[in-house]
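*Asks:*
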Amino acid sequence: MSLTTTTLRRLPRRLPLLSQRRTNTTAAADNLPAAEPPQAGGSIPTVAKSAFMRNTREQALRAPGITFADAAPGSAPSGNLVGGRETRKMNMYQAIRDAMSVCLATDDNAVVFGEDVAFGGVFRCTMGLAEEFGRERVFNTPLTEQGIAGFAIGLASMGHTAVAEMQFGDYIFPAFDQLVNEAAKFRYRSGGKFDVGGLTIRAPCMAVGHGGLYHSQSVEHFFMGAHGLKVVIPRSPIQAKGLLLAAIRDPNPVIFLEPKTLYRSAVEQVPIDDFTLPLSKAEILTPGSDVTVLTYGTPVYHCESAIHLLSSPPPSLAPHVPQVQGAQQKIRGASVELIDLRTIVPWDIETVVQSVEKTGRLVIVHEAGRQGGIGGEIAAEVQKRCFLKLKAPVKRVAGTDAPNGLQYEKFQLPDQVRILDAIVETLSY
Amino acid sequence: MAVVCKLRSIIPEVPNLSPPSMFRPTAFSTLRRGFATQLLPTSKSPISPSLSFFNSVTGDDTQIPTYRVLDGVGKPIEGAEIPEITRDFARKMYEKMCLLPQMDTILYNSQRQGKISFYMTSHGEEAAIVGSAAGLDFEDEALAQYREAGLLLWRDYPLDSIMAQCFGSHEDSAKGRQMPVHYGSKEYHFHTISSPLATQIPQAAGVAFALRRTPSRRDKSIAACYFGEGAASEGDFHAGMLLASTIPSPVLFIARNNGFAISTPAAEQYHGDGIASRGPGYGVDTIRVDGNDALAVLAATREARKRCLKGGRAVLMEVMTYRVGHHSTSDDSFAYRARSEVEDRKRIDNPIARFRLFLESQGWWNGEEEEELKTRLKTEVMKAFKKAESAPRPPLGEMFTDIYAGEMPWNLKEQKEELKQLLNKYKDYDGYKKELAKFTKKGEDVMQ
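Same order as they appear, the protein sequences are chains A and B.
Just so we're aligned: 1 in the UniProt record's numbering is position 1 of the first sequence, and the numbers increase by one with no gaps anywhere.
Just so we're aligned: 426 in the UniProt record's numbering is position 426 of the second sequence, and the numbers increase by one with no gaps anywhere.
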């Protein structure tokens with residue numbers, strides 16, 4: 001019985017990796033340092049062509065909010081100091097690996113650990129780190145999520161930097177007690193005498209095309225009520241490196257959720273220097289004036305596609321996307337403000353409210369189920385603050401309130417058409 | 001332990017193998033015939049044709065023995081060695097063993113009078129706690145469950161601080177946020193106690209690993225992790241034992257097996273040979289000790305600590321004792337055990353009396369000193385008690401601090417502001433007025 005259980009549990013864990021390998025034939029690129037990153041792949045082909053990817057050195061070095069660690073304090077905004085800095089084309093797992101390498105190189109008290117991280121990790125995020133920094137700093141743990149979290153809390157409580165990995169967000173629940181009752185409350189309950197600010201938990205999250213119930217989940221909303229924790233989700237390689245380094249250095253415990261379908265498919269130029277991006281700061285990806293679309297993680301790219309479909313729908317969708325609604329309201333020509341929330345807890349209410357006050361309309365998109373999801377919380381705050389400015393009800397495009405059924409993913413999670421429909425409905429309300 | 005050693009003496013006949021002790025003689029005879037060369041790829045287990053099950057770590061179906069130094073009247077048992085102990089050290093141990101129930105009784109009664117909200121005594125476990133604390137170094141990082149206040153007393157943690165925590169007064173280092181007996185102090189290397197059971201066990205592995213990675217503390221300090229036999233049923237016990245053995249971390253796990261987890265007797269907690277039998281399964285050096293024998297606990301802790309430092313890995317010590325008091329002030333233990341059983345245990349096997357008889361046999365203690373000590377301790381405890389009793393609570397605004405380091409998030413700022421509006425609006429309502437009066441600054445720090 002126990003043998004069967006173990007076998008069943010281990011096998012599915014490897015599946016996404018193996019299948020992703022199949023989609024990526026340039027396997028040689030798995031070995032770092034890579035001359036060329038692997039080709040983009042994954043379940044969303046649009047990611048590779050996204051306009052949000054920064055494909056040139058110049059664009060990468062001017063990423064909004066970027067702060068280089070070696071920039072002199074009080075010097076000119078780092079966005080202007082691009083001279084002499086280099087970038088390298090990286091996919092998201094390489095950028096995450098790069099962030100951990102920077103962390104280990106700059107902080108002797110930092111260690112990286114989790115299940116299977118020593119050989120490079122099932123998603124390659126820790127490739128070569130054990131060889132570079134030694135097995136005392138990058139090591140495997142037994143297969144116990146509550147143990148990994150507890151061990152990390154103990155390390156962090158001694159002032160060390162613990163970067164721990166949960167192999168999938170789906171398996172973070174055995175550690176829920178350690179994270180919610182212990183890590184989140186550590187500082188508060190000791191009157192600030194003890195803290196676990198050096199704790200960062202990394203976990204792959206969101207759907208991957210064929211992950212079924214336990215390789216697809218979004219878990220961020222479960223931590224929204226865990227006062228004392230921060231939750232961060234990046235959308236791209238630059239974001240992943242900058243936000244992960246910020247999370248590691250933040251004086252609070254942070255859960256860093258990495259959309260696993262973007263590990264290989266999201267590729268851009270990433271500054272090779274040590275840099276951070278600000279936490280609790282949303283990023284406006286496209287400014288607009290008619291409707292705000294708020295999202296984070298993988299659905300950023302579905303939203304991008306949806307906005308594209310809105311302005312130029314193909315013939316099969318055109319009948320559902322009118323040019324105008326009523327006398328003035330433009331639909332196809334609508335100006336959409338797309339926001340990447342990036343930090344889920346504590347979230348950037350200022351940017352969101354400013355945007356909705358301007359547009360009067362809000363569509364929130366996430367993969368997690370609607371009931372109890374982040375969208376409900378944001379919708380409640382927005383309606384409280386923007387009640388008189390709202391021209392339409394806040395719309396939530398979320399996963400259905402069902403487990404992630406293997407064969408139903410296309411119709412369970414937000415895709416570009418569902419998002420398009422929500423935007424059209426909101427604009428024509 | 002002795003049985004294990006005897007069986008190991010057979011082993012040299014099989015080269016390069018350490019077969020577990022559970023193999024019976026028939027299995028060993030087959031080993032001698034050469035089956036041992038056929039090893040499995042991931043194990044050093046010798047091959048055996050004998051269809052033989054086992055359910056004991058001692059090899060002969062007996063239970064793991066309990067290490068004892070002193071008998072019931074404080075005399076060394078045959079073959080036992082008295083650990084190195086000076087007169088002053090022994091007297092300090094005795095004093096702290098007496099202080100613990102003094103403090104417990106006063107705080108227990110104060111809860112009964114409604115002066116504090118909750119309390120948990122250590123009655124019956126004085127030797128287990130003070131004895132083990134005395135075997136540790138002051139800088140060893142202690143991670144406790146909740147019934148280990150004796151360790152703080154051993155480290156001379158001020159009674160004022162203990163009382164401040166129980167009363168949640170403005171002098172409480174944790175700002176009155178946790179229930180009574182949830183002590184913590186960085187200076188005294190005592191990690192803040194939390195209510196969820198066993199969570200400190202894997203944390204202790206991380207703490208010990210950090211000690212190993214800190215040059216100034218490597219090979220000097222260990223983590224000492226306390227928990228009850230009930231908590232050892234939690235998954236975190238399994239995790240902690242695994243981690244501290246596979247990722248070398250010098251933790252001394254101290255299981256206080258006092259026979260009960262609230263109302264659940266140990267017999268309903270596990271079916272095996274207590275907690276100690278699990279140690280070898282994790283590859284952890286293990287010992288079972290008579291927890292009512294302060295000298296046995298002291299000697300075992302010292303030796304266990306040495307092993308932690310030398311091997312760099314976990315050691316498990318199961319300390320057998322009996323919970324004489326109720327589980328907590330919210331529990332009446334006579335609902336599930338006979339009063340006579342408790343009274344008998346108090347009389348027959350009292351850890352304080354046993355140690356006192358030892359001191360007297362050494363000429364280190366007498367009746368006069370006993371009288372003087374009891375009076376002095378009572379005065380000291382009452383003094384600290386009175387001081388905390390009349391102290392105000394911390395400022396009300398502390399409700400909102402220390403949740404996050406750095407800037408307070410907008411939602412908390414907003415909620416603090418909401419409370420300010422509310423208090424200013426309803427400050428004349430009796431229910432609020434009375435409550436606000438209990439805080440330092442009477443809530444003004446929030447209201448302004």
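Ideal placement from N, C-alpha and C gives every residue a C-beta, glycine not left out.
Would you say B:Y146 reaches chain A, if we count a Cβ-Cβ gap shorter than 9 Å as a contact?
*Replies:* Not an interface residue.
*Asks:* Nearest chain B C-beta to A:H320 closer than 9 Å, yes or no?
*Replies:* No, A:H320 does not count as interfacial toward chain B.
*Asks:* Could you list the residues in the region 128–154 of chain A with a C-beta less than 7 Å from some C-beta on chain B, going in chain order?
*Replies:* Those residues of the region 128–154 of chain A that come within reach of chain B (Cβ to Cβ, closer than 7 Å) are F139, T141, P142, T144, Q146, G147, G150, F151, A152, I153, G154.
*Asks:* If we ignore side chains and look at the alpha-carbon of each, how far apart do B:A224 and B:W154 end up?
*Replies:* So the alpha carbons of these two residues sit roughly 14 Å apart.
*Asks:* If B:G259 and B:R354 are in contact, beta carbons under 8 Å, what's the gap, nearest whole angstrom?
*Replies:* No, B:G259 and B:R354 are not in contact; Cβ-Cβ is about 18 Å, not under 8 Å.
*Asks:* Answer with buried or exposed for B:M382, where buried requires no fewer than 16 other C-beta atoms within 10 angstroms of its C-beta.
*Replies:* Counting Cβ neighbours within 10 Å, B:M382 comes out exposed, since fewer than 16 surround it.
*Asks:* Does any residue of chain A bring its CB to less than 9 Å from the CB of B:F227?
*Replies:* No, its Cβ sits nowhere closer than 9 Å to a Cβ of chain A.
*Asks:* Roughly how many angstroms separate the alpha carbons of A:P237 and A:Y93, rounded to a whole number?
*Replies:* Looking at the two C-alpha atoms, the distance is approximately 8 Å.
*Asks:* Give a yes or no on whether the C-beta atoms belonging to B:G74 and B:F400 are separated by under 9 Å.
*Replies:* No, the Cβ-Cβ distance between B:G74 and B:F400 is not below 9 Å.
*Asks:* Could you tell me the distance, in whole angstroms, from the CA atom of A:W347 to the CA atom of B:K310?
*Replies:* Cα to Cα, the separation comes out at about 48 Å.
*Asks:* Measuring CA to CA, which of A:G372, A:R396, A:Q325, A:P299 is closest to A:Q416?
*Replies:* Comparing Cα positions, the closest option is A:P299.
*Asks:* Would you decide whether B:Y429 is buried or exposed? Buried here means 16 or more other CB atoms lie within 10 Å of its CB.
*Replies:* It counts as exposed.
*Asks:* Answer with yes or no whether the minimum CB distance from B:L396 to chain A is below 9 Å.
*Replies:* Judged by the 9 Å Cβ criterion, B:L396 is not in contact with chain A.
*Asks:* Return the chain-ordered list of same chain residues with a C-beta closer than 7 Å to the C-beta of B:A90, the five sequence neighbours on each side being excluded.
*Replies:* These residues qualify, in order along the chain: L359, W364.
*Asks:* When burial is assigned at 16 or more other CB atoms within 10 Å of the CB, is B:Y67 buried or exposed?
*Replies:* Buried is the call here.
*Asks:* Quick test of the definition: if touching needs 3 or more C-beta pairs under 8 Å, does the region 262–277 of chain A touch the region 212–220 of chain A?
*Replies:* No contact exists between the region 262–277 of chain A and the region 212–220 of chain A.
*Asks:* Excluding the five sequence neighbours on either side, which residues of its own chain have a C-beta within less than 7 Å of the C-beta of A:R418, listed in chain order?
*Replies:* V397.
*Asks:* Going straight from the alpha carbon of A:Y301 to that of A:T141, what length do you get?
*Replies:* So the alpha carbons of these two residues sit roughly 35 Å apart.
*Asks:* Are any of the Cβ atoms in chain B nearer than 9 Å to that of A:K260?
*Replies:* False, the Cβ-Cβ gap to chain B never drops below 9 Å.
*Asks:* Quick one: list the residues of chain B neighbouring A:E182, beta-carbon separation under 9 Å, in chain order.
*Replies:* In chain order: S194, P196, T199, Q200, Q203.
*Asks:* Verify whether the separation of the beta carbon atoms of A:A156 and B:G72 is less than 9 Å.
*Replies:* No, the Cβ-Cβ distance between A:A156 and B:G72 is not below 9 Å.
*Asks:* List the residues of chain A whose Cβ lies closer than 8 Å to the Cβ of B:Q421, in chain order.
*Replies:* Within chain A, no residue comes near B:Q421; the closest Cβ sits about 15 Å away, beyond 8 Å.
*Asks:* Quick one, which residues of the region 296–308 of chain A are near chain B if we go by CB-CB under 7 Å, in chain order?
*Replies:* Correct list: empty, as no residue qualifies.
*Asks:* Grouping DSSP H, G and I as helix and E and B as strand, with all else coil, what is A:I248?
*Replies:* If DSSP states are grouped into helix, strand and coil, A:I248 belongs with the helices.
*Asks:* Would you mind telling me which residues of chain B sit closer than 7 Å to A:Y188, beta carbon to beta carbon, in chain order?
*Replies:* Within 7 Å Cβ-Cβ: R177, D402, I403.
*Asks:* So A:A110 is in the beta strand (DSSP E); what residue range does that whole segment cover?
*Replies:* From DSSP, the beta strand (DSSP E) with A:A110 extends over 110–114.
*Asks:* List the residues of chain B whose Cβ lies closer than 7 Å to the Cβ of A:Q178, in chain order.
*Replies:* The contacting residues are T199.
*Asks:* Mind checking whether B:Q102 and B:L377 have CB atoms under 9 Å apart?
*Replies:* In contact: B:Q102 and B:L377 (Cβ atoms closer than 9 Å).
*Asks:* Can you name, in chain order, every residue of its own chain whose Cβ lies under 6 Å from the Cβ of B:T105, other than the five neighbours on each side?
*Replies:* Cβ within range, chain order: n/a, list empty.
*Asks:* In terms of residue numbering, what span does the alpha helix (DSSP H) encompassing A:R202 cover?
*Replies:* Where A:R202 is concerned, there is no enclosing alpha helix (DSSP H), although the beta strand (DSSP E) it sits in stretches over 199–205.
*Asks:* For the region 339–359 of chain A and the region 308–327 of chain A, state whether three or more C-beta atom pairs, one from each stretch, are separated by less than 8 Å.
*Replies:* Contact fails: fewer than three Cβ-Cβ distances are below 8 Å.
*Asks:* Mapping DSSP to helix, strand and coil, what is B:E368?
*Replies:* Three-state DSSP puts B:E368 in a helix.
*Asks:* Under 8 Å, with one C-beta from each stretch per pair, do the region 192–208 of chain A and the region 237–254 of chain A reach the 3-pair mark?
*Replies:* Result yes; three or more Cβ-Cβ pairs closer than 8 Å.
*Asks:* Which residues does DSSP list as the beta-bridge partners of A:E283?
*Replies:* Paired residues: A:D340.
*Asks:* Considering Cα atoms alone, identify which of A:R124, A:F119, A:A422 is closest to A:E131.
*Replies:* A:E131 has its Cα closest to that of A:F119, out of A:R124, A:F119, A:A422.
*Asks:* Can you tell which of B:P180, B:Q203, B:H170, B:E187 has the C-alpha that lies nearest to the C-alpha of A:F186?
*Replies:* Ranking B:P180, B:Q203, B:H170, B:E187 by Cα distance to A:F186 puts B:Q203 first.
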